[in-house]
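Numbering (this note's numbering), first residue to last: 37 to 191. We put the CB at the ideal spot given by N, CA and C, even for glycine. All remarks here apply to the structure that follows.
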């Protein structure tokens with residue numbers, strides 16, 4: 037047996053967990069999305085977008101404010117701090133990359149759910165690999181056509 041250190045799924049997640057939980061990342065990504073147009077969002081808009089209750093939003097945004105990712109005053113607007121903007125943009129780019137990959141694979145059912153589950157479990161190395169693969173196929177349309185034909189024959 038190879039000399040690997042095995043973990044359960046939860047163990048790998050705990051081992052690789054960065055500063056933010058998956059839930060906190062979802063909040064940051066959505067705050068970024070909602071703030072793109074006006075530079076801010078509100079608790080009720082965020083709650084609606086994430087399908088959670090406003091008290092849950094308030095609790096999370098207090099944590100995010102403590103991490104200096106957002107500015108928030110009670111009953112006011114939520115604004116991203118500079119490092120929050122950077123993080124939000126990175127999280128949205130990650131989401132969009134995985135979406136592009138699943139669309140490339142012609143996945144149609146449950147795509148949003150799949151993205152949400154995958155985005156919190158992939159390392160940067162895996163994401164860079166996906167990015168390179170998509171770019172490779174986009175730069176080589178003849179190979180892309182062969183791949184799509186191959187996929188169609190497998191169904």
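With fewer than 16 other CB atoms across the displayed protein chains lying within 10 angstroms of its CB, residue 187 is exposed. C-alpha of residue 56 to C-alpha of residue 189: approximately 42 angstroms in a straight line. Going by DSSP, residue 113 is part of the beta strand (DSSP E) stretching over 113 to 116. Setting aside the 5 residues that flank it on each side, residue 66 is surrounded in the same chain by 82, 85, 86, each with a C-beta closer than 7 angstroms to its C-beta; the list follows chain order. Contact between residue 68 and residue 125 holds: CB atoms are separated by about 6 angstroms, below the 8 angstroms threshold.
In this chain, the beta strand (DSSP E) harbouring residue 106 covers 106 to 108.
Counting other Cβ atoms within 10 Å of its Cβ, residue 111 stays below 16 and is therefore classed as exposed. With 16 or more neighbouring CB atoms inside 10 Å of its own CB, residue 155 falls in the buried class. Taking 8 angstroms as the cut-off, the Cβ atoms of residue 77 and residue 113 count as close. From the listed residues 140, 101, 132, 165, the smallest Cα separation to residue 118 is found for 101. Residue range 177 to 190 is occupied by the alpha helix (DSSP H) that includes residue 189.
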